[in-house]
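Following numbering that gives the first Met the number 0, the numbering of the sequence shown begins with 0 at its first residue and continues without gaps.
Just so it is clear, CB atoms sit at the ideal spot from N, CA and C, and this is done for glycine as well.
Structure first, then comments.
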Amino acid sequence: MKNIRRLDNSQRIAPTRRARGGFAFTEVLFAVMVLGIGFIMIAAMFPVTIRQTQNTMADVVGANEAKAALAYMQTIASGVNFPPTVTAAGAPPRLFSLEDAPYPAAATPQFPGYMAVRGNFVNPNNPRIAWLPVYRRGVRVNGAMTVGDPFAQVFVFAIQSRNQTQYYPWDPTRNYSDFNPQSGAPYSTLSPRKLDVVVKYDTNTQHGILTISDPVARQWAAPGAYVVIADDPNANKPLNRAGQSNGRVYQLGNAINEAGGVWDLSVGTDMIRKGGTTPIAGDDNDLTTPATAYMVGRGLTPDGYAGPAQDIALYTGYIQIPPDINP
0 MKNIRRLDNS
10 QRIAPTRRAR
20 GGFAFTEVLF
30 AVMVLGIGFI
40 MIAAMFPVTI
50 RQTQNTMADV
60 VGANEAKAAL
70 AYMQTIASGV
80 NFPPTVTAAG
90 APPRLFSLED
100 APYPAAATPQ
110 FPGYMAVRGN
120 FVNPNNPRIA
130 WLPVYRRGVR
140 VNGAMTVGDP
150 FAQVFVFAIQ
160 SRNQTQYYPW
170 DPTRNYSDFN
180 PQSGAPYSTL
190 SPRKLDVVVK
200 YDTNTQHGIL
210 TISDPVARQW
220 AAPGAYVVIA
230 DDPNANKPLN
240 RAGQSNGRVY
250 QLGNAINEAG
260 GVWDLSVGTD
270 MIRKGGTTPI
280 AGDDNDLTTP
290 ATAYMVGRGL
300 TPDGYAGPAQ
310 DIALYTGYIQ
320 IPPDINP
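Set out below in structure tokens:
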């Protein structure tokens, strides 16, 4: 058995304590910087997330409004409420709002389609949301007769009140209605507004530019507003013909000269050209002669047009016109 040497208390070796050092100022500084950068990156995510959530909600709301609008218009579809928007077979149909559609002279009331739908423009469950339609309907030859097509294409503006808490069919406190234009104003808030536009492709910026000709109509424009071409008189031969751009949709982007009515087109509706500085004829044709269009844009208040564009989205679909009441 081996001898084990034992140490008495006086011979035991006490453990040495190592001095625990603190953080240097440079280390603390870098740690704070890294932490700050992390917080900044996290904080930067919130506006993007909120904006994306708002866009998603707007898409959902807009789609629901458009579906409800098309479903309702189908219930009142007739040759009287949606008369053809072209007089000659083979010609491209123009677009009209229901306020100024080419109704039959003997129509009662005077604007039957508009009067049939105007009470449903504003969402009853959320009066801050509404919809406004424009449409087109062609004709076809049936023997010796020219009759309206059995379908009409409808473009639905889904809109939201941006400059007041809701849309007002009638506000007795202000003697004001969003259905009626104010004194000196050509259109109300709840109206697709007719205007003339020129659309050109700028070879320097490689973007499409939309110019609003009428100084009064320039008040309606705001970023995000949709513009639907209603009557295109440009021929742009040899590949294009008048009316080719009817129904084409543009969206306003940033203002180049807001007072002059000059706007850049939004990315989703920008013009695409091939061929560089010598574009191919018929490729995204320019509307160098002013074309008639419809836009909603800013809302009308008792003090004039104000606020951001009311537009949420724009949808299109078809409604069937019963054949037994075609004109």
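Straight-line Cα distance separating residue j from residue i
i	j	result
Ile211	Phe156	19 Å
Pro108	Gly118	15 Å
Ala234	Val197	14 Å
Pro191	Ala76	20 Å
Ile324	Met144	Because Ile324 carries a pLDDT of 46, less than 50, the predicted location of this residue cannot be relied on, and the following value inherits that uncertainty. Cα to Cα, the separation comes out at about 14 Å.
Leu251	Glu257	11 Å
Gly89	Asp148	12 Å
Ile271	Arg217	25 Å
Asp231	Arg240	9 Å
Ile318	Ile36	55 Å
Val146	Leu264	38 Å
Val266	Ile158	20 Å
Ile320	Arg135	12 Å
Asn228	Val295	Just to set this straight, residue 228 is Ile in the shown sequence, not Asn. Rounded to the nearest angstrom, the two C-alpha atoms are 13 Å apart.
Pro326	Gly78	Below a pLDDT of 50, predicted positions are generally treated as unreliable, and Pro326, at 44, falls in that range; the measurement from the model is reported next regardless. Each residue's Cα considered, the two are about 6 Å apart.
Leu194	Asn124	32 Å
Ala23	Phe29	10 Å
Asp99	Lys273	38 Å
Asp310	Glu26	52 Å
Asp283	Arg247	10 Å
Pro171	Asn253	37 Å
Ala151	Met72	10 Å
Trp130	Phe120	5 Å
Val116	Phe38	52 Å
Asp201	Pro222	19 Å
Ala43	Pro101	52 Å
Asn141	Gly207	41 Å
Gly306	Val31	42 Å
Ala67	Ser160	18 Å
Asn179	Ser96	15 Å
Thr203	Ile41	Sequence inspection shows Asn at residue 203; the Thr mentioned does not correspond to that position. Those two C-alpha atoms are separated by around 39 Å.
Gln181	Asp213	19 Å
Thr74	Ile255	43 Å
Arg173	Ala87	47 Å
Cβ pair residue i, residue j closer than 8 Å
i	j	result
Tyr304	Trp219	yes
Val215	Tyr249	no
Asn63	Pro111	no
Asn162	Gly298	yes
Gly61	Ala308	no
Asn245	Arg93	yes
Asp177	Thr188	yes
Pro301	Tyr113	no
Thr288	Lys199	no
Leu69	Gly260	no
Ala65	Tyr293	no
Pro82	Pro103	yes
Val59	Val138	no
Pro132	Val153	yes
Leu209	Trp169	no
Pro91	Gly183	no
Counterpart residues of residue i in DSSP-defined beta bridges
i	result
Phe81	Phe81 pairs with nothing; no bridge assigned.
Asn179	Looking at the DSSP assignment, Asn179 forms no beta bridge with any residue, so it has no partner.
Ser96	Val133
Asp283	DSSP lists no partner for Asp283.
Gln159	Ile128
Asn313	Going by the sequence as given, residue 313 is Leu instead of Asn. Partner(s): Phe156.
Leu34	BP columns for Leu34 are empty, so no partner.
Arg139	Val146
Tyr304	Leu299
Ile318	Ala151
DSSP three-state assignment for residue i, whether helix, strand or coil
i	result
Gln165	coil
Gln109	coil
Ala43	helix
Gln73	helix
Ala184	coil
Pro289	strand
Thr145	strand
Leu189	coil
Arg295	Per the sequence shown, residue 295 should be read as Val rather than Arg. Reduced to three states, the DSSP call for Val295 is coil.
Ala104	coil
Ala115	helix
Ala87	coil
Ala151	strand
Cβ-heavy atom distance, residue i to the ligand ATP, below 7 Å
i	result
Phe110	For the structure depicted, the ligand ATP is absent and the ligand set is empty, with no information on it obtainable.
Quiz item: Of all the alpha helix (DSSP H) runs that stay within the bounds of the segment 193 to 246, which reach a length of 4 or more residues?
Solution: You should have found no qualifying run.
Self-check item: Contiguous beta strand (DSSP E) assignments of at least 3 residues, all confined to the segment 243 to 271
Solution: Runs of the beta strand (DSSP E) lying entirely within the segment 243 to 271 and spanning at least 3 residues, in chain order: 248 to 256, 261 to 264.
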